[in-house]
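The structure appears below as structure tokens.
Residue numbers (the numbering used here): 31 to 149.
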């Protein structure tokens, strides 16, 4: 899609991270026929095709804790970054979006003395 303000191709995707450390990806427009997300999580194999719904394209990708994940969208064959997310050069001249996945939180500690049972 082309922005009427800048003439540049833009990408209107939503990227969320849930507590299970899955990237939930959505494209809120239905005009493309095919949207793929690819990145370091699938070794750039273009293996994650987003499902088309009534209001856009959606999919979920599991990612490892405490790693930087680079990714990009392929919309009808065109490789696109999301303008409102962090971007970096991969060292080979390719610009990708990236996300620093947080460190896995420690599970809560429950002490036996704190447990109360009504039997």
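Cβ coordinates follow ideal geometry from the N, Cα and C atoms, glycine included.
The region 62-70 makes contact with the region 86-104; the number of CB pairs closer than 8 Å reaches 3 or more. Nearest in C-alpha terms to residue 132, of all of 96, 121 and 100, is 96.
Partner residues in the beta bridge of residue 68, as assigned by DSSP, are 102. Its Cα nearest to that of residue 94, the residue 72 stands out among 72, 85, 80 and 84.
Separation of residue 127 and residue 118 (C-alpha to C-alpha, rounded to the nearest whole angstrom) is 7 Å. Selection 114, 77 and 100 evaluated against residue 121 yields 100 as nearest (Cα-Cα). Nearest to residue 81 by alpha-carbon distance, out of 134, 105 and 125, is 105. 76 is the residue among 83, 139 and 76 whose C-alpha sits nearest the C-alpha of residue 108. DSSP, read as helix, strand or coil, puts residue 122 in coil.
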